[in-house]
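When we follow the working numbering, the leftmost residue of the sequence shown carries the number 13, and every step to the right adds one.
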Amino acid sequence: MADQDQAQETSSSPNFDAYFETIQSRKKLPHELQESLTSAFANIPVSSFPLVPGGKVIEIPAHTSIADTVRILSEHNIMSAPVTNPDASTTIDWRERYLGIIDYSSIVLWVLENAELAAIALSASSATVAGMGVGAVGALGALALGATGPAAVAGLTVAAVGAAMAGGMAAEKGMGKDAATAADHMGDDFYKVILQEEPFKSTTVKSIIKSFRWAPFLPVAMDSSMLTVLLLLSKYRLRNVPVIETGNPFIKNFITQSAVIHGLRGCKGRDWFDCIAVKPISDMGLPFMSENEVICIKKDELVLAAFKHMKENRIGGVPVIEGSSKKIIGNISIRDVRFLLLNHGLFYDFRQLTVMDFMNTIVSIATTLDGSHKTVMIPPVTCKANTSLGQVIETLAAMSFDRVYVVNDYYDVVGVVTLRDVISCFIFEPPNHFDDYFGFAVKEMLNQ
13 MADQDQAQET SSSPNFDAYF ETIQSRKKLP HELQESLTSA FANIPVSSFP
63 LVPGGKVIEI PAHTSIADTV RILSEHNIMS APVTNPDAST TIDWRERYLG
113 IIDYSSIVLW VLENAELAAI ALSASSATVA GMGVGAVGAL GALALGATGP
163 AAVAGLTVAA VGAAMAGGMA AEKGMGKDAA TAADHMGDDF YKVILQEEPF
213 KSTTVKSIIK SFRWAPFLPV AMDSSMLTVL LLLSKYRLRN VPVIETGNPF
263 IKNFITQSAV IHGLRGCKGR DWFDCIAVKP ISDMGLPFMS ENEVICIKKD
313 ELVLAAFKHM KENRIGGVPV IEGSSKKIIG NISIRDVRFL LLNHGLFYDF
363 RQLTVMDFMN TIVSIATTLD GSHKTVMIPP VTCKANTSLG QVIETLAAMS
413 FDRVYVVNDY YDVVGVVTLR DVISCFIFEP PNHFDDYFGF AVKEMLNQ
């Protein structure tokens, strides 16, 4: 069984407890120190945490299209944003004003599912492709064949999903062409269907946020403790925590896992931080998973497979390896899907694009010794089991990455350390800490 960051979605509290209890049991820290740290974070108010850059939280109205949402996230270099309800602009209740949080993870799930459906639909240029008639293809098939209007859009339900399933099964049996084969010959049509034609063009954030989100919307108050935030971002698997002001429905701050890591980095030089940061990650019980549990992707596999791994295992990235020894040569993260969505050429070829070809397009400009510039591939971020926790924090903060891969002397991947893992090193959960959280037990809210 893979670790909780690498496992499929689950909202049952025993899984939260299993991960956190294992981390706590592996930590080689004096109990008194852990108690002191937890007590200190419990006495730090959330209001003391630095505001987001610019002092204003980026929000996305629920009627925003998926394509525009990707552009907003990319332009502001953020992974996620709260979604507002345009119909509740005057409310004083945050539960009515905010519908949830949209992030790249949700968008990846939506794109992958609808890319399959669109490809199946477009493959139905005749009523006999894969043994399906226009009626079986439903709305997508009708749209691909030129039918438009409310009747076609209304059919985008069970029939469309059934068509995708039928097409996939037919291809496996050698009876027809599946989505991947059809997409190879689609050209501009595939891109247009996903982002430029109905019903995809009008697909809004509101229509996907509940079906494709990874976590509930759980805000904290300005006078809540930082311990509450750290527990939500570690044990309870949230990637971000909105901060609201009591009696005011507006989000005042948006605390992410990455922001916390940057905050910890700023504690360098303080005795309490340095005595922990100097220890190797192995003394913190990291990496949490075993070598065989690390989910990898080979460089010659299709990039679509990489994103499917992330979708199916609910993880934020995968290491790219070559050979049978798991030698790491790169990394693909959930955020990289923006290159597919915003780059017409890449999206056009994405079903034929290998991981290596895709990585070659995600490059940085390096300055050589003679002052000239050259394009180079961004190297994978790695560490070893004896690397100090402080060094890992410095790397994560400096590179703005969400994970560091643990390698052996031969550069083979043997583990991964995530932002969640690092935050877990500094705290534990006092008994009954979340018994009353906005009127609910936090575990009950997470299980909804």
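Glycine included, every Cβ here is placed at the ideal spot set by N, Cα and C.
V404 is a Cβ neighbour of V434, given a cutoff of 8 Å. For I309, the pairing in a beta bridge is given by DSSP as V332. When the Cα atoms are used, K339 and V418 turn out to be separated by approximately 11 Å. Secondary structure note for F28: its alpha helix (DSSP H) is the uninterrupted segment S25 to R38. When DSSP assignments are scanned along the stretch 78-118, the uninterrupted stretches of beta strand (DSSP E) that are 3 or more residues long and fall wholly within it turn out to be 92-96 and 110-115.
Collapsing the DSSP output to three states places F319 in a helix. Going by DSSP, T407 is part of the alpha helix (DSSP H) stretching over L401 to M411.
Counting along the chain, I256 sits inside the beta strand (DSSP E) bounded by residues N252 to E257. By the neighbour-count criterion, in which 16 or more other beta carbons inside 10 Å mark a residue as buried, T102 falls on the exposed side. Beta-carbon to beta-carbon, D414 and T430 are separated by about 6 Å, close enough to satisfy the 8 Å threshold. When the beta-carbon positions are compared, V217 and I70 stay at least 8 Å from each other.
Of the candidates K40, K264, N372 and L45, the residue whose Cα lies closest to the Cα of P65 is K264.
Burial state of N252 is buried, judged by a 10 Å Cβ sphere holding 16 or more other Cβ atoms. In the structure shown, the three-state DSSP call for A233 is strand.
Counting C-beta pairs with one atom in each stretch, the stretch 80-93 and the stretch 289-308 have fewer than three that are closer than 8 Å, which means they do not touch. About 6 Å separates the beta carbons of S117 and I346, which is inside the 8 Å limit, making them a contact pair.
Below 8 Å, too few C-beta pairs join the stretch 77-90 and the stretch 307-318 to call them touching: fewer than three. Taking the Cα positions, G275 is about 13 Å away from T407.
A distance of 8 Å or more separates the beta carbons of A233 and L401. P228 and V255 have their alpha carbons spaced roughly 14 Å apart.
The continuous stretches of alpha helix (DSSP H) do not include R415, which lies in the beta strand (DSSP E) extending over residues R415 to V419. In the displayed model, V123 falls within a helix according to three-state DSSP.
In chain order, L250 and V253 place their CB closer than 6 Å to the CB of L244, counting only its own chain and leaving out the 5 sequence neighbours on each side. Assigned with DSSP and collapsed to three states, V290 falls in coil, not helix or strand. Per DSSP, N343 is one residue of the beta strand (DSSP E) stretching across K339 to S345. The Cβ neighbour count for Y422, taken over all protein chains shown within 10 Å, is under 16; the residue is labelled exposed.
Around the C-beta of G259, fewer than 16 other C-beta atoms lie within 10 Å, and the residue is accordingly described as exposed. Look at K218 here: in three-state DSSP terms it is helix.
D424 has K339 as its beta-bridge partners, per DSSP. With distances taken between CA atoms, E125 lies nearest to L316 out of D105, V428, D348 and L316. For T268, the beta-bridge partners assigned by DSSP are N252.
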